[in-house]
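What follows is a set of notes on a single structure, which appears directly below.
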Amino acid sequence: MLHLLITPDIILLVVRDSIQILQAQGYKITKPRKQVLKALEETQEPLSPYDIQRILRQQGKYLNHVTIYRILDLFRRLNLAHRVLSSGGFVKCALRDKQGCHRLMVCRCCGALQEFIDDKLCQHESELAQNSGFHTEYHLSESSGICSDCYKKQ
Ligand SMILES: [Zn+2]
Ligand SMILES: [Zn+2]
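Start counting the sequence shown at 1; every next residue gets the next number (my numbering).
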């Protein structure tokens, strides 16, 4: 059974939008940043810098793809967007200002994305690395497979 709790955390999640997160981190809200944010917000599928360039061009706006890539990289570092490892495209973050390592489950049939955070997984990964004398800065991983809806249809 799905049980939804409205905690202050969830309200915060809804109220705070990407622009406020950017401002809170000391970043200026430039026109290009706003345009890329909007393109990501309005699209469900992962977008490459070239996809974003095309979307903006259709709206009569022009940004070169290097600028777009830099903006996407900033968003990625701030957890506002994520890079889908299997496709290389970028998607907006579904968990917003939640701390930690955001990971994706990607359905190879319908492309549905599910995002999650698991502190224990992160801890385990870092410990594993530490045993080899490796100092982890961040984790990159993704699960590829079949979502529950597609699995039922098989
Ligand atoms: Zn996220
Ligand atoms: Zn699916």
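Built from N, CA and C at the ideal position, the CB exists for glycine as well.
Selection from the options that minimises the alpha carbon distance to residue i
{"i": "Thr-189", "options": "Leu-40, His-82, Ile-19 and Ala-39", "result": "Because residue 189 is not part of the residues shown, which for the chain are 1 to 154, the question remains open."}
{"i": "Cys-93", "options": "Pro-32, Arg-108, Cys-110 and Leu-72", "result": "Leu-72"}
{"i": "Arg-33", "options": "His-65, Gln-58 and Gln-44", "result": "His-65"}
{"i": "Lys-98", "options": "Ile-55, Ala-112 and Phe-116", "result": "Phe-116"}
{"i": "Lys-152", "options": "Asn-131, Asp-118 and Cys-107", "result": "Cys-107"}
{"i": "Arg-70", "options": "Asp-149, Gln-114 and Tyr-50", "result": "Tyr-50"}
{"i": "Leu-80", "options": "Cys-150, Asp-17, Asp-149 and Gly-145", "result": "Asp-17"}
{"i": "Cys-110", "options": "Glu-137, Asn-131, Gly-145 and Gln-130", "result": "Gly-145"}
Near ligand 1: residue i beta-carbon under 8 Å from a heavy atom
{"i": "His-139", "result": "no"}
{"i": "Leu-40", "result": "no"}
{"i": "His-82", "result": "yes"}
{"i": "Cys-122", "result": "no"}
{"i": "Arg-96", "result": "yes"}
{"i": "Glu-115", "result": "yes"}
{"i": "His-65", "result": "no"}
{"i": "Cys-107", "result": "no"}
Own chain partners of residue i with C-beta closer than 7 Å, once the 5 adjacent residues on each side are dropped
{"i": "Ser-87", "result": "Pro-46"}
Span of the alpha helix (DSSP H), counted from its first residue to its last, around residue i
{"i": "Leu-74", "result": "65-77"}
{"i": "Val-84", "result": "That residue, Val-84, is in no alpha helix (DSSP H); it is neither H nor E in DSSP."}
{"i": "Gln-114", "result": "Segment 113-116 is the beta strand (DSSP E) holding Gln-114; no alpha helix (DSSP H) there."}
{"i": "Leu-128", "result": "119-130"}
{"i": "Glu-41", "result": "31-41"}
{"i": "Leu-22", "result": "18-24"}
{"i": "Tyr-151", "result": "148-153"}
Own chain partners of residue i with C-beta closer than 6 Å, once the 5 adjacent residues on each side are dropped
{"i": "His-135", "result": "none"}
{"i": "Gly-89", "result": "Pro-46, Leu-47 and Ser-48"}
{"i": "Cys-101", "result": "Cys-122 and His-139"}
{"i": "Cys-147", "result": "Cys-107 and Ala-112"}
For residue i, the first and last residue of its enclosing beta strand (DSSP E)
{"i": "Ser-48", "result": "Ser-48 -> no beta strand (DSSP E), and no H or E assigned at all."}
{"i": "Ser-143", "result": "142-145"}
{"i": "Cys-107", "result": "103-107"}
{"i": "Lys-92", "result": "90-92"}
Cβ pair residue i, residue j closer than 9 Å
{"i": "Leu-40", "j": "Ile-21", "result": "no"}
{"i": "Leu-63", "j": "Val-36", "result": "yes"}
{"i": "Leu-160", "j": "Leu-85", "result": "Outside the displayed span of the chain (1 to 154) sits residue 160, for which this structure offers no information."}
{"i": "Ser-143", "j": "Arg-103", "result": "yes"}
Ligand 2 heavy atom lying under 8 Å from the CB of residue i
{"i": "Gly-133", "result": "no"}
{"i": "Ala-112", "result": "yes"}
{"i": "Asp-149", "result": "yes"}
{"i": "Ile-190", "result": "Missing from the structure shown is residue 190; the chain here goes from 1 to 154 and no further."}
Own chain residues within Cβ distance below 8 Å of residue i, not counting five before or after
{"i": "His-3", "result": "Because His-3 sits at a pLDDT of 44, beneath the cut-off of 50, its placement in the model cannot be relied upon, and the point is left open."}
{"i": "Gln-23", "result": "Ile-29"}
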